[in-house]
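*Asks:*
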Amino acid sequence: MAAMPSNTDDASVRPGDLCRHGGNSYPIYEVLCVQGERAWLRDVSSGVEGLVNLRNCLPLSPEQAGRLDADLRSAAELEPSPPHSKLVYAPRS
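Residue numbers (this note's numbering): 1 to 93.
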């Protein structure tokens, strides 16, 4: 089993930063607050919040954050067409 990456002093996160947690690429989190060894994070896609160990928060580089912003803007412009959208409602007679 591979060791989980950990944060170092030169890669600390601050409120407002985007980060990932542990070895996972997604989801991406926004740092809401940092106190001591804990960080309060919010998942940018679902809005779910949680407290985590600051040591496991890995900040996104400016390039990664830029790609994420572009991906989110592209996704917001998509118009999903679920399979049931082509069904026609016919009331019973």
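The beta carbon of each residue, even a glycine, is placed where N, CA and C say it ideally should be.
#1: Within the continuous beta strand (DSSP E) that includes residue 50, where are the two ends?
#2: Spatial neighbours of residue 38 within its chain, please: CB distance less than 8 angstroms, with the 5 preceding and 5 following residues excluded, ordered by chain position.
#3: Under the assumption that residue 15 contacts residue 41 (Cβ atoms under 8 angstroms), give the Cβ distance between them as a whole number of angstroms.
#4: Please tell me whether residue 60 and residue 68 are closer than 8 angstroms, where the distance is taken between their beta carbons.
#5: Would you mind working out which of 24, 66, 30 and 77 sits nearest residue 46, comparing C-alpha positions?
*Replies:* Checking against the coordinates, here is how it stands:
#1: For residue 50, the enclosing beta strand (DSSP E) stretches over residues 49 to 53.
#2: Same-chain partners within the cutoff: 51, 52, 53 and 54.
#3: Between residue 41 and residue 15 the Cβ distance is about 10 angstroms, and since that is not below 8 angstroms, they are no contact.
#4: Pairing residue 60 with residue 68 gives a Cβ-Cβ distance under 8 angstroms.
#5: Ranking the options by Cα distance to residue 46, first place goes to 30.
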